[in-house]
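Beneath this line is the structure, given in structure tokens, with notes to follow.
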Amino acid sequence: MADRIEKCIELRAPVSRVWRALTDYREFGEWFHVKLEGPFEPGKIARGRITYPGYEHVVWEATVEVVEPERLFSLRWHPYAIDPNTDYSSEPTTLVEFRLEPGGEGTVLHLVESGFESIPLGRRFEAFRMNERGWGIQIANIAQYVDQPA
Amino acid sequence: MSTSLPDPTSGARPAAIFAALGDETRLSLIEKLADGLPRSISRLTEGSPLTRQAITKHLRVLEDAGVVRSIRSGRESHFAFSAAPIEELRLYLDRVSAQWDAALGRLRSFVER
Chain A
1169 MADRIEKCIE LRAPVSRVWR ALTDYREFGE WFHVKLEGPF EPGKIARGRI TYPGYEHVVW
1229 EATVEVVEPE RLFSLRWHPY AIDPNTDYSS EPTTLVEFRL EPGGEGTVLH LVESGFESIP
1289 LGRRFEAFRM NERGWGIQIA NIAQYVDQPA
Chain Z
21 MSTSLPDPTS GARPAAIFAA LGDETRLSLI EKLADGLPRS ISRLTEGSPL TRQAITKHLR
81 VLEDAGVVRS IRSGRESHFA FSAAPIEELR LYLDRVSAQW DAALGRLRSF VER
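If you read the sequences in order, they're chains A and Z. Be aware that the first sequence starts at 1169, since it is given in our numbering, and climbs by one per residue. Be aware that the second sequence starts at 21, since it is given in our numbering, and climbs by one per residue.
In structure tokens, the structure reads:
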């Protein structure tokens, strides 16, 4: 069992395209499902509301660490901070690093999220158990909606 | 998954679990205890080049991480494996990992379209 999460994917798009999707706050928001208030700036907090169904009550926050054009974009955040009634601010953060390099048919993206060894787990588990129930309700709502006669 | 999952690591940090698992002696102790049956320190020291004291020290590290528990039986301490903290940590990391798979999948559709 590793204390970090690592992913490596090849994308059929030029590095410049992937870089923009990662670091332009509007483009990031599109695929990450968060509506950010403003651009990413090193050392600054980026903030926005999650747009993913079932998580709209959650405010997303991350501190931008490194912006090294077309090579490295890194952020610190509180992973799985989805319980709006919990103040996570005094807790340790994880570091998320997106590294880009040309390769394959376009771009190789290497993602690392590290620092899980410092994250208190108990409340995270509570939060996602609660959310699991939230999802159950959402799915029931959708089922009800689509079952209605036209 | 129901609310019946034990929550022994509530508020605890996974550092202790990672540290506990990051040592060959401790891993081999967990292997010996993996069937869930309690064993005495003497039994756990058998076949090891380490002293009883050294094994006891390792067992205490595992106990502090919550992955083994000690049971007193007469004059001797027995130790048994507790799967819950490791299981909780693994489930949590699996969950975060699956979220990344989903997010990176959306990134792929976004940049490749």
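For every residue, glycine included, the Cβ atom is placed at its ideal position computed from N, Cα and C. Quick caveat, the model's predicted, so the values are computed rather than measured.
Within its own chain, the residues whose Cβ lies closer than 8 Å to the Cβ of K1212 of chain A, once the five positions on either side in sequence are excluded, are T1231 and V1232, listed in chain order. Counting only runs of 3 or more residues that sit fully inside the stretch 1182-1222 of chain A, the beta strand (DSSP E) segments are 1202-1204 and 1213-1218, in chain order. Inside the stretch 30-114 of chain Z, DSSP marks whole beta strand (DSSP E) runs of 3 or more residues at positions 88-93 and 96-101, from first to last along the chain. Going by beta carbons, L1289 of chain A and P34 of chain Z fall inside the 8 Å limit. Under the rule that a run must span 3 or more residues, the beta strand (DSSP E) segments found entirely inside the stretch 1226-1294 of chain A read 1227-1236, 1240-1245, 1262-1271 and 1274-1282. Residues of chain A whose Cβ lies closer than 7 Å to the Cβ of S117 of chain Z are, in chain order, I1173. E1178 of chain A: member of the beta strand (DSSP E) spanning R1172 to L1179, first to last residue. For P1247 of chain A, the closest Cβ of chain Z is nearer than 8 Å.
For the options Z:I50, Z:H98, Z:L111 and Z:E96, the alpha carbon positioned closest to that of V87 of chain Z is the one of Z:I50.
Nearest to I61 of chain Z by C-alpha distance, out of Z:R133, Z:L53, Z:H98 and Z:P69, is Z:H98.
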